[in-house]
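Worksheet: one structure, shown below.
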Amino acid sequence: MSKTSTKSADTAKAAINKDLSKEEKQEFLRTMMRIRRFEERSLRAYQGKKIGGFMHAYIGQEAVAVGCCSLMGENDHAITTYRDHGHAIAVGMGMNEQMAELYGKATGCSKGKGGSMHFFAPDLNFWGGHGIVGGQIPLGTGLAYALKYKGLKGASMAFLGDGAVNQGAVHESYNLASLWKLPVVFVIENNGYSMGTSQARSSAGELSQRAAGYDMTWDACDGHDVYAVREIMDKHLTLAREKCEPSVVEVRTYRYRGHSVSDPDNTYRRKSDIEDYRKTKDPIQTFQRRLIEEGTLTEEEASTIDKAARAEADAAAEFAEASPWPTVEDIQKDVYWEVDNPSERKSTGRIFFN
Amino acid sequence: MPEISYREAVRHALAEEIENDENVVILGEEVGEFNGSYKVTEGLLEKYGPKRIVDTPISEAGFIGMGVGASMLGVRPIMELMFWSFYSVAFDQILNNAANVRYMSGGLINCPIVIRGPANGGTNVGATHSHTPENVLANHPGVKVVVPSTAYDAKGLLKSAIRDNDPVMFLENTLLYGVKGEVPEDEYLIPLGQADVKREGTDLTIVTYGRCVLHSLEVAETLEKEHEISAEVVDLRSIRPLDIDTVLTSVAKTHRVLIVEEQKPFCSVATQVAYMIQSEAFDELDAPIKRLSTIDAPAIYSPPIEIEQLPNPKRILAAALEVMA
Numbered sequence: 064m065s066k067t068s069t070k071s072a073d074t075a076k077a078a079i080n081k082d083l084s085k086e087e088k089q090e091f092l093r094t095m096m097r098i099r100r101f102e103e104r105s106l107r108a109y110q111g112k113k114i115g116g117f118m119h120a121y122i123g124q125e126a127v128a129v130g131c132c133s134l135m136g137e138n139d140h141a142i143t144t145y146r147d148h149g150h151a152i153a154v155g156m157g158m159n160e161q162m163a164e165l166y167g168k169a170t171g172c173s174k175g176k177g178g179s180m181h182f183f184a185p186d187l188n189f190w191g192g193h194g195i196v197g198g199q200i201p202l203g204t205g206l207a208y209a210l211k212y213k214g215l216k217g218a219s220m221a222f223l224g225d226g227a228v229n230q231g232a233v234h235e236s237y238n239l240a241s242l243w244k245l246p247v248v249f250v251i252e253n254n255g256y257s258m259g260t261s262q263a264r265s266s267a268g269e270l271s272q273r274a275a276g277y278d279m280t281w282d283a284c285d286g287h288d289v290y291a292v293r294e295i296m297d298k299h300l301t302l303a304r305e306k307c308e309p310s311v312v313e314v315r316t317y318r319y320r321g322h323s324v325s326d327p328d329n330t331y332r333r334k335s336d337i338e339d340y341r342k343t344k345d346p347i348q349t350f351q352r353r354l355i356e357e358g359t360l361t362e363e364e365a366s367t368i369d370k371a372a373r374a375e376a377d378a379a380a381e382f383a384e385a386s387p388w389p390t391v392e393d394i395q396k397d398v399y400w401e402v403d404n405p406s407e408r409k410s411t412g413r414i415f416f417n
Numbered sequence: 029m030p031e032i033s034y035r036e037a038v039r040h041a042l043a044e045e046i047e048n049d050e051n052v053v054i055l056g057e058e059v060g061e062f063n064g065s066y067k068v069t070e071g072l073l074e075k076y077g078p079k080r081i082v083d084t085p086i087s088e089a090g091f092i093g094m095g096v097g098a099s100m101l102g103v104r105p106i107m108e109l110m111f112w113s114f115y116s117v118a119f120d121q122i123l124n125n126a127a128n129v130r131y132m133s134g135g136l137i138n139c140p141i142v143i144r145g146p147a148n149g150g151t152n153v154g155a156t157h158s159h160t161p162e163n164v165l166a167n168h169p170g171v172k173v174v175v176p177s178t179a180y181d182a183k184g185l186l187k188s189a190i191r192d193n194d195p196v197m198f199l200e201n202t203l204l205y206g207v208k209g210e211v212p213e214d215e216y217l218i219p220l221g222q223a224d225v226k227r228e229g230t231d232l233t234i235v236t237y238g239r240c241v242l243h244s245l246e247v248a249e250t251l252e253k254e255h256e257i258s259a260e261v262v263d264l265r266s267i268r269p270l271d272i273d274t275v276l277t278s279v280a281k282t283h284r285v286l287i288v289e290e291q292k293p294f295c296s297v298a299t300q301v302a303y304m305i306q307s308e309a310f311d312e313l314d315a316p317i318k319r320l321s322t323i324d325a326p327a328i329y330s331p332p333i334e335i336e337q338l339p340n341p342k343r344i345l346a347a348a349l350e351v352m353a
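Listed below in structure tokens is the structure:
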């Protein structure tokens, strides 16, 4: 297996992109803006002490989740890291249940039991939201195993960060996926830093090239161009769906914020690096400019989309604020299926030990 | 009723559930072509084919995590650990992912997986291969933990475990695989969380599980014949859920308790059970509860001394007589 190499000079003209309607293109922009405004609003709420724990902002990486998830069909599935807000919005989760989850409210997507790092929506084929670096990759491989076992034509997208590529569970998953020809695309969202350690200081060699050691196809692309992400992912998702051929795709992206809210981001990179990226490669700004140049978007429409995204995020914060907390009684719900379904319980005996 | 070995009982449960549900698949190291490291899965590959019986690489974190992921989409994997001792390399997958995914998703995701294999000492394989992690596993809400002692229990409990919608950790014992017991030919299930009084008595309750049940039954006979002490042996069978009521009923009858476990004593299963007895039946006790555990050190290799490190009939008898003194 080898590196794939069919990237178009103009990614807008790639087969998967060339027939996109104006509405579809605007929808990509809208989703990216909604991710950004949701996260900016949630960061404000965090600063206002409305949100606890860790929160890892996706800001700067929006084109990756939107590009990838825009390709999902009925039997395609996604699973990701703790930096999961972008994927959650990209698969169609609403802002209300996400913001309420951040606030720790009972109306949250996990009823206030998961928090920022643990968003799930199995009805949208989104399986989290996982806190341990690389720990979700065997699960994503298992989603692909289940698809193949059940004879369903689909693919699993297992997202990981550049810091996860050195975890054993990731390598074990690569081996199983290739050995058993599982329909999975491992998507490395390389934002340059595993927490505060740059790629150069943490990982030997090219990240996606490691796939070659497992006899898998691999490739890399720019992650600030939603068209480029769609082009490369369409190719690899098709390999998975049609031929059960797994692959590794490295999407080179960048995050503007620190690793999490607890990272002041003043030790391992220069502010000017972030500013340079923001000015020249911001995925939302570049896509917006491109659509305006293409004639599929007006400045006015862009402004309307942005205002709506801000308003939606504000409304989500109000919804979260007004929502009830879970109760102490709720602590022991959703632990065991059997306890939550007492009429179907088969086991006996004591299951909680307070 | 036919007598079959514990090993065959486990195999029959696996085979019946494979036939019962097309989503049941067995994965593990050497479960197929090799016929099972302990021959538990012998013949299953030939009978059910490679889709249902899957040989994995030596890659516990990978394949167990893969099974957890597959279970989220409705496959019902039974994962064999060659030794439960190897759970440590898959700890994150078992006790972060399988145990927590239902909770962290607010009840949206189920994980109907069984992880099974032997967990015992006494085979001179040293500390790395002799872990008995039932206490560690049961410390994690979200998982169920089962430790059968007989062929009959192993079959009935495993079938229930496979049909369970929660992740079930099923701990067998290499020293029990060859032990025969009566197992009916007709299908039966034993619910998880139901203890079994393996021997009735009036003077002393021995609470135990796993292979220690066999030792305790032997000791109960000695107590009867040589010391005129009538011991009741309660086999917990399931650690979580735990049938504490059967234990308390026995304590109310005998008023004296010895708990025997193949566990290191610190925060062990016996420690938990002893806490619950004193908390809920304090007035029934005529003597302090005694706990007999593995001698508190990593498993020693030296064959004759390892026997002394584990609970054995001699140590159990001495402990029982202390409780009765």
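So the protein lines, in turn, are chains A and B.
When you read off a place in the first sequence, starting at 1, and then add 63, the result is the number in this note's numbering.
When you read off a place in the second sequence, starting at 1, and then add 28, the result is the number in this note's numbering.
Backbone N, C-alpha and C define an ideal beta-carbon position, used for all residues, glycine too.
| Query | Result |
| --- | --- |
| Can you tell me the Cβ-Cβ gap for PRO85/B and ASN238/A, rounded? I've got them flagged as a contact below 8 Å. | 6 Å |
| Per DSSP, TYR256/A is paired with what? | SER261/A |
| Using only the alpha-carbon positions, how far apart do LYS176/A and PHE189/A sit? | 17 Å |
| Please name the residue or residues paired with GLU260/B in a DSSP beta bridge. | THR233/B |
| State the CB to CB distance for the pair THR349/A and HIS287/A, rounded to an integer number of angstroms; the pair is presumed to be in contact (CB under 8 Å). | 6 Å |
| From this set, GLY102/B, PRO78/B, ILE54/B and GLY170/B, which residue's C-alpha is nearest PHE415/A's C-alpha? | GLY170/B |
| Distance, Cα to Cα, ALA108/A vs ALA385/A? | 14 Å |
| Using beta-carbon positions only, say whether ALA184/A and ALA218/A come within less than 8 Å of one another. | no |
| Roughly how many angstroms lie between the CA atoms of SER244/B and PHE198/B, to the nearest whole one? | 21 Å |
| Using the Cα positions of VAL207/B and ASP224/B, report the straight-line distance between them to the nearest angstrom. | 18 Å |
| Assuming GLY226/A and VAL196/A are in contact, meaning their beta carbons sit under 8 Å apart, how far apart are those beta carbons, in whole angstroms? | 6 Å |
| Could you spell out the range, first to last residue, of the alpha helix (DSSP H) harbouring PHE101/A? | 85-110 |
| Going along the stretch 111-133 of chain B in order, which residues come within less than 7 Å of chain A, judged by CB to CB distance? | ASP120, GLN121, ASN124, ASN125, ARG130, TYR131, MET132 and SER133 |
| Taking 8 Å as the CB-CB limit, is MET197/B close to chain A? | no |
| Could you tell me whether the Cβ of LEU251/B comes closer than 8 Å to any Cβ of chain A? | no |
| Along chain B, in chain order, which residues have C-beta atoms closer than 9 Å to that of GLU137/A? | In chain order: nothing, as chain B lies at least about 13 Å away. |
| I need the straight-line Cα distance from VAL228/A to VAL241/B, nearest angstrom please. | 47 Å |
| Please name the residues in the stretch 305-334 of chain B whose beta-carbon is closer than 8 Å to at least one beta-carbon of chain A, in chain order. | none |
| Please list, in chain order, the chain A residues whose beta carbon lies closer than 7 Å to that of ASP271/B. | THR411 and GLY412 |
| Check the Cβ of PHE91/B against every Cβ in chain A and list those closer than 7 Å, keeping chain order. | LEU239 |
| Check whether the Cβ atoms of ASP274/B and VAL261/B sit closer than 8 Å, and answer yes or no. | The displayed chain sequence assigns Thr, not Asp, to residue 274/B. Going by C-beta atoms, THR274/B is not nearer than 8 Å to VAL261/B. |
| Could you check the C-alpha separation between GLY154/B and ALA327/B for me, to the nearest Å? | 6 Å |
| Which first and last residues belong to the beta strand (DSSP E) in which GLY224/A is found? | 219-224 |
| Please name the residue, chosen from LEU276/B, PRO195/B, ILE32/B and VAL174/B, that lies closest to ARG104/B on a Cα-to-Cα basis. | PRO195/B |
| So which residues of chain D does TRP388/A contact, with C-beta pairs closer than 8 Å? | Of the protein chains in the structure, A and B, none is chain D. |
| Pull up the DSSP beta-bridge partners for CYS284/A, would you. | VAL314/A |
| Is THR170/A close to chain B? Criterion is C-beta to C-beta, closer than 8 Å. | no |
| Determine the chain B residues that contact ILE418/A at a beta-carbon separation under 9 Å, and present them in chain order. | Nothing about residue 418/A can be read from this structure; chain A reaches only from 64 to 417. |
| Out of ASN152/B, PRO161/B, GLN306/B and ARG265/B, state which residue places its alpha-carbon closest to the alpha-carbon of SER330/B. | ASN152/B |
| Hey, is VAL103/B's beta-carbon within less than 8 Å of any beta-carbon in chain A? | yes |
| Could you give the first and the last residue of the continuous beta strand (DSSP E) run that contains PRO105/B? | 104-108 |
| In chain order, what residues of the same chain lie with their CB nearer than 6 Å to the CB of TYR145/A, ignoring the 5 residues before and after it? | HIS119, MET180 and GLY194 |
| DSSP has HIS140/A in a bridge; who is on the other side? | SER219/A |
| Kindly list, in the order they appear in chain B, the residues whose Cβ is closer than 7 Å to that of VAL391/A. | Within chain B, no residue comes near VAL391/A; the closest Cβ sits about 15 Å away, beyond 7 Å. |
| State the DSSP-derived secondary structure class of PRO185/A, mapped to helix, strand or coil. | helix |
| Determine the contact status of MET352/B and LEU206/A, defining contact as a CB-CB distance below 8 Å. | no |
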